[in-house]
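Enquirer: For reference, the structure I am asking about is given below.
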Amino acid sequence: MKKFSLSQRVLASAMATALVVGIGGAALADDLRPGLPEQAQAQDDDNNDDNDNDDNDDDNNNDNNDNDDDNNDDDNNNDNDDDNNNDDNDDDDNNNDNNNDDDDDNNDDDNNNDDDNNDNDDGERGENRSERAKLQQERREEMQAAKEVSMAEFHRVRLEWKDRLNSEREERETMGDVDGAYEVQEELVQTDLRDKESYKKLAELYDKKQGSAQTKVFVNGSHPVFDVPPVVREGRTLLPLRAVSEALRADVDWDQQTKAVTVERGDTEIRLVLGDTTVTVNGQVVTLDVPALLESNRTMVPLRFVSEALNAEVDWDNETKSVVVIDEEEDNS
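Numbered by the numbering used here, the letters in the sequence shown go through residues 11 to 343 in order.
Rendered as structure tokens:
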């Protein structure tokens with residue numbers, strides 16, 4: 011064992027004594043400290059309470075802050091929801107706009123298709139009319155050439171054309187082409203103006219074409235275009251004078267002062283006055299059953315009188331309610 015010197019032992023003993031005294035003194039000082047007054051103690055308690063309250067306030071503030079944060083989060087969520095809804099609405103609007111644009115495009119396409127179809131129909135009708143005109147010219151030339159050879163040859167050629175046209179008309183009727191069938195039948199009638207049965211078929215097709223039965227007028231196998239329909243007065247059919255005259259290739263003149271109408275064709279002149287039953291034909295006075303009258307600003311005249319005065323033959327078909335006018339100059343029989 012290590013041995014200490016005397017001085018070292020004395021120093022260690024002194025240090026131990028000092029240490030014991032220091033510790034005991036500190037404990038004694040705490041025991042001998044005088045008590046604090048009650049007010050001071052209460053103040054300390056209040057301070058402690060304040061500190062507690064501050065802690066509570068801090069907690070409340072923290073809670074409030076948490077609530078505010080939660081509310082802010084809710085607001086943010088609501089804003090996000092609104093933004094999403096707005097985005098959805100914008101998308102819906104865009105979709106609707108796109109759908110509307112698509113619908114408009116489809117409608118435009120449909121309209122364009124309709125226009126194209128109408129153009130095609132018009133083009134086809136134009137081509138058909140052109141072909142029909144060529145065929146009519148061919149028929150007239152063949153029949154005229156045959157007539158110059160002999161009447162027997164003329165009748166043979168005419169019969170061939172009638173059979174040919176009759177077959178074409180039947181084919182068009184089978185196809186449901188009423189307009190086309192009517193045009194062919196019209197040409198068939200013009201091939202033989204005195205074929206009464208052909209007129210009956212023509213009248214039947216005309217009613218189908220118009221969609222209703224009505225009084226019809228055929229001049230040399232064609233139905234003139236009337237801007238005013240025929241009227242019947244005292245059993246007499248009156249038609250627009252100008253339309254009838256043009257169908258018979260006559261010239262018409264109107265005198266506004268005297269209300270007189272003059273119709274001329276070749277060597278024939280007819281003069282009549284509105285409301286007057288007395289007319290003149292080449293200067294000779296003739297009395298009418300029914301006077302000329304004004305209807306929808308058109309001069310209406312008795313069809314039979316004017317036609318016969320212009321050397322045309324007039325016939326009435328009660329079965330088909332048709333007036334048939336045959337111009338002697340056009341008669342190919």
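Ideal placement from N, C-alpha and C gives every residue a C-beta, glycine not left out.
What first and last residue would you give for the alpha helix (DSSP H) that runs through Gln-2?
Expert: Absent from the model: residue 2. The displayed extent of the chain is 11 to 343, so no value can be given.
Enquirer: With a 10 Å radius around its C-beta and 16 neighbouring C-beta atoms as the bar for buried, classify Asp-261 as buried or exposed.
Expert: Exposed, since its Cβ has fewer than 16 Cβ neighbours within 10 Å.
Enquirer: Rounded to whole angstroms, what is the Cα-Cα separation between Leu-298 and Arg-204?
Expert: The alpha-carbon atoms of Leu-298 and Arg-204 are separated by roughly 28 angstroms.
Enquirer: For the alpha helix (DSSP H) that Leu-320 lies in, which residues bound it at each end?
Expert: Run containing Leu-320: none; DSSP gives neither H nor E here.
Enquirer: Tell me which residue opens and which closes the alpha helix (DSSP H) that Arg-259 is part of.
Expert: Looking at the DSSP string, Arg-259 is not in any alpha helix (DSSP H), and its letter there is neither H nor E.
Enquirer: Are there three or more Cβ pairs, one per stretch, closer than 8 angstroms when the stretch 236 to 246 is compared with the stretch 273 to 290?
Expert: The answer is no - the stretch 273 to 290 does not touch the stretch 236 to 246, with fewer than three Cβ pairs under 8 angstroms.
Enquirer: Can Val-316 and Val-254 be called in contact, C-beta distance under 7 angstroms?
Expert: Contact: yes.
Enquirer: Are Pro-312 and Leu-258 close, meaning C-beta to C-beta below 7 angstroms?
Expert: In this structure, Leu-258 does not lie closer than 7 angstroms to Pro-312 by Cβ.
Enquirer: Between the C-alpha atoms of Glu-323 and Ile-336, what's the straight-line distance to the nearest angstrom?
Expert: About 5 angstroms.
Enquirer: Since Arg-149 contacts Thr-201 with CB under 8 angstroms, what's their CB separation in whole angstroms?
Expert: Between Thr-201 and Arg-149 the Cβ distance is about 7 angstroms, and since that is below 8 angstroms, they are a contact.
Enquirer: From Val-167, Ala-213, Pro-250, pick the residue whose C-alpha is nearest to that of Ala-191; which is it?
Expert: Selected option, being the one with the closest Cα: Ala-213.
Enquirer: Per DSSP, what kind of secondary structure is Phe-228 in: helix, strand or coil?
Expert: In the structure shown, Phe-228 sits in a strand (DSSP, three-state: E or B).
Enquirer: Between Ala-302, Glu-305, Leu-304, Leu-282, which has its C-alpha nearest Gln-294's C-alpha?
Expert: Comparing Cα-Cα distances from Gln-294 to each of Ala-302, Glu-305, Leu-304, Leu-282, the minimum goes to Leu-282.
Enquirer: Classify Leu-304 as helix, strand or coil using the three-state DSSP reduction.
Expert: If DSSP states are grouped into helix, strand and coil, Leu-304 belongs with the strands.
Enquirer: Tell me the DSSP secondary structure of Gln-220 in three-state form.
Expert: Residue state, collapsed to three classes: helix.
Enquirer: So, does the CB of Pro-301 fall closer than 7 angstroms to a CB anywhere in chain D?
Expert: The structure shown has no chain D; it contains just one protein chain.
Enquirer: Please classify Gly-231 as buried or exposed, where buried requires at least 16 neighbouring CB atoms within 10 angstroms.
Expert: Result: buried.
Enquirer: How would you call Ala-414, buried or exposed, if buried means at least 16 neighbouring beta carbons within 10 angstroms?
Expert: The question about residue 414 has no answer, for the chain in this structure spans 11 to 343.
Enquirer: Tell me which residues share the same chain as Asp-189 and place their Cβ nearer than 7 angstroms to its Cβ, disregarding the 5 neighbours each side in the sequence.
Expert: So the qualifying residues of the chain are Lys-219.
Enquirer: Could you compute how far the alpha carbon of Gln-266 sits from the alpha carbon of Arg-246?
Expert: Those two C-alpha atoms are separated by around 26 angstroms.
Enquirer: What residues in its chain sit with their C-beta under 6 angstroms from that of Lys-345, if we drop five residues either side in the sequence?
Expert: Outside the shown range of the chain (11 to 343) lies residue 345, about which nothing can therefore be said.
Enquirer: Take Ala-302 as the anchor and find which of Pro-250, Ser-160, Asp-217 has the nearest alpha-carbon.
Expert: Considering only alpha carbons, the answer is Pro-250.
Enquirer: Under the three-state reduction of DSSP, which class applies to Val-159: helix, strand or coil?
Expert: DSSP places Val-159 in helix when its eight states are reduced to three.
Enquirer: Rounded to whole angstroms, what's the CA-CA distance from His-233 to Thr-268? Just pull it up for me.
Expert: Going from the Cα of His-233 to the Cα of Thr-268 covers about 31 angstroms.
Enquirer: Check whether the Cβ atoms of Lys-226 and Ser-332 sit closer than 7 angstroms, and answer yes or no.
Expert: Yes, Cβ-Cβ distance for Lys-226 and Ser-332 is below 7 angstroms.
Enquirer: Looking only at DSSP bridge pairs, what is Val-241 linked to?
Expert: The partner list for Val-241 (beta bridge, DSSP) reads Leu-248.
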